[in-house]
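**Q** To start, I am sharing the structure in question, which I have written as structure tokens.
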Amino acid sequence: MEKDFGGFKNILIIGLGLIGGSIAVSLKNAGYTGKIYGFDLSPERIRKAVELQAVDRAYTKLEDIPWDKIDLVILATPVKTFEDIAKKIKPYLKEKTVVTDVGSVKGSLVEKIQKILSPVKFVGAHPIAGTEKEGIENAVVGLFKGKKLILTIDEEDENTKKVEKFWTDLGAKVEVMDPHTHDFVFAGVSHLPHAVAFALVDALIELSKETGIDLFLYPGAGFKDFTRIAASSPTVWKDIFIENKENVVHTIDSFIQSMEKLKEYIQKEDEQNLIKILSESREKRLSLD
Numbered sequence: 026m027e028k029d030f031g032g033f034k035n036i037l038i039i040g041l042g043l044i045g046g047s048i049a050v051s052l053k054n055a056g057y058t059g060k061i062y063g064f065d066l067s068p069e070r071i072r073k074a075v076e077l078q079a080v081d082r083a084y085t086k087l088e089d090i091p092w093d094k095i096d097l098v099i100l101a102t103p104v105k106t107f108e109d110i111a112k113k114i115k116p117y118l119k120e121k122t123v124v125t126d127v128g129s130v131k132g133s134l135v136e137k138i139q140k141i142l143s144p145v146k147f148v149g150a151h152p153i154a155g156t157e158k159e160g161i162e163n164a165v166v167g168l169f170k171g172k173k174l175i176l177t178i179d180e181e182d183e184n185t186k187k188v189e190k191f192w193t194d195l196g197a198k199v200e201v202m203d204p205h206t207h208d209f210v211f212a213g214v215s216h217l218p219h220a221v222a223f224a225l226v227d228a229l230i231e232l233s234k235e236t237g238i239d240l241f242l243y244p245g246a247g248f249k250d251f252t253r254i255a256a257s258s259p260t261v262w263k264d265i266f267i268e269n270k271e272n273v274v275h276t277i278d279s280f281i282q283s284m285e286k287l288k289e290y291i292q293k294e295d296e297q298n299l300i301k302i303l304s305e306s307r308e309k310r311l312s313l314d
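Here the numbering used here is used: the first residue of the sequence shown is 26, the next is one more, and so on.
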């Protein structure tokens, strides 16, 4: 099927960070022939976006954007900003403009944004792709190719099909999921791992203070691999943890229970149960490959 990126001719990306920037450069690399506009509060990010030719035009003021041309708006800012942005852009939107996002929290947030923007259509989307780096200067061409993209929609219609085509033309594998189910799933497979990575680094900071030995002078490859995501944006992850609070707290409680179990087996030198939990974990991890 020919690539038409959902038929969208003029796309506005709000938030020119890693993901917003990667969408822009990936669109251009994939043959998108429409116009890409960018918005960011940071003049430096605007400058870099134009310098990298990621966007055709970029703005720091909403009123300067050619809204009469825009048919797709992508929210690529921290999730806690979505409601405020939705309220601010609502007066500028054409009724047929579609608004989507790339946030990793959905749940009731999808319902709130749709209510604010109505009758303009909001289609919740979450690309399962990214790196620990920030800024458009770290944008990755083809970042979404072969990666899952979750659409959180209640029912399929013309607009959701257009957003789905937009992402499949960028190479993503689209799946549909209920917004609340999405938040439970990704609290486990994404939000918890980030919380653990941040907490592990914090634990070593405290152990270094306690002993006077800088433990960060001796990290091996395993530690670096495991904690890579602790280099992610504090602002982004603060918002994600708070917006998905109930699910994140639940998964942290579950993780603590597993750590307590492991701690007990080590204290008791319970080799049988240690082998059991380590073997089960090893097999499950190997199955991912």
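Quick reminder that beta carbons are idealized off the backbone N, C-alpha and C, glycines included.
Check whether the Cβ atoms of D126 and I99 lie closer than 8 Å to each other.
**A** Yes.
**Q** Return the CA-CA distance between P244 and N269, expressed in angstroms with no decimal places.
**A** Their backbone Cα atoms lie some 32 Å apart in a straight line.
**Q** Put L66 into one of helix, strand or coil per three-state DSSP.
**A** The answer is coil: DSSP assigns L66 none of H, G, I, E or B.
**Q** What number of angstroms, rounded off, separates the C-alpha of K172 from the C-alpha of G155?
**A** Distance between the alpha carbons of K172 and G155 is about 10 Å.
**Q** Could you give the distance in angstroms between the alpha-carbon of E271 and the alpha-carbon of Q282?
**A** Computed Cα separation, rounded: 17 Å.
**Q** Please state the DSSP three-state secondary structure of Y290.
**A** Note: Y290 maps to helix in three-state DSSP.
**Q** Please report how far the alpha carbon of V221 lies from the alpha carbon of K263, in whole angstroms.
**A** Between V221 and K263, the C-alpha separation is close to 14 Å.
**Q** Helix, strand or coil: which one does DSSP assign to E159?
**A** Of the three classes helix, strand and coil, the one that applies to E159 here is coil, per DSSP.
**Q** If you draw a straight line from the alpha carbon of F64 to that of K158, how long is it in whole angstroms?
**A** Answer to the nearest angstrom: the Cα atoms are 20 Å apart.
**Q** In three-state terms, what does DSSP make of P152?
**A** In this structure, P152 counts as strand in the three-state DSSP scheme.
**Q** Going residue by residue through the region 248–285, where are the continuous alpha helix (DSSP H) segments of at least 4 residues, counting only ones entirely within it?
**A** List check, alpha helix (DSSP H) in window: 259–268.
**Q** Alpha helix (DSSP H) containing D126: first to last residue?
**A** That residue, D126, is in no alpha helix (DSSP H); its beta strand (DSSP E) goes 123–126.
**Q** Strictly by DSSP, which residues pair up with R82?
**A** Answer is Y62.
**Q** Between which two residues does the alpha helix (DSSP H) holding V226 run?
**A** Note, V226: alpha helix (DSSP H), 217–236.
**Q** Can you tell me which of L134, G132, K94, S129 puts its alpha carbon nearest to the alpha carbon of K121?
**A** It is K94.
**Q** Rounded to the nearest angstrom, what separates F128 and F223 at their Cα positions?
**A** Checking the displayed sequence, the identity of residue 128 turns out to be Gly instead of Phe. Taking the straight line joining both Cα atoms gives about 20 Å.
**Q** Would you kindly work out how many angstroms separate the C-alpha atoms of K137 and V124, rounded to a whole number?
**A** Cα to Cα, the separation comes out at about 13 Å.
**Q** Can you tell me which of the three DSSP states V201 falls into?
**A** In the structure shown, V201 sits in a strand (DSSP, three-state: E or B).
**Q** Can you name, in chain order, every residue of its own chain whose Cβ lies under 6 Å from the Cβ of G46, other than the five neighbours on each side?
**A** Cβ within range, chain order: A79, I161, A164.
**Q** When the distance is taken between beta carbons, is P152 closer than 8 Å to L134?
**A** Not in contact: L134 and P152 (Cβ atoms no closer than 8 Å).
**Q** List the DSSP bridge partners of K146.
**A** V123, per the DSSP bridge assignment.
**Q** What residues are listed by DSSP as bridge partners for L37?
**A** Beta-bridge pairing links L37 to Y62, V98.
**Q** Roughly how many angstroms separate the alpha carbons of G237 and L311, rounded to a whole number?
**A** G237 and L311: Cα-Cα distance of roughly 38 Å.
**Q** Can you tell me where the beta strand (DSSP E) holding I300 begins and where it ends?
**A** Note, I300: premise wrong, no beta strand (DSSP E); alpha helix (DSSP H) at 296–312.
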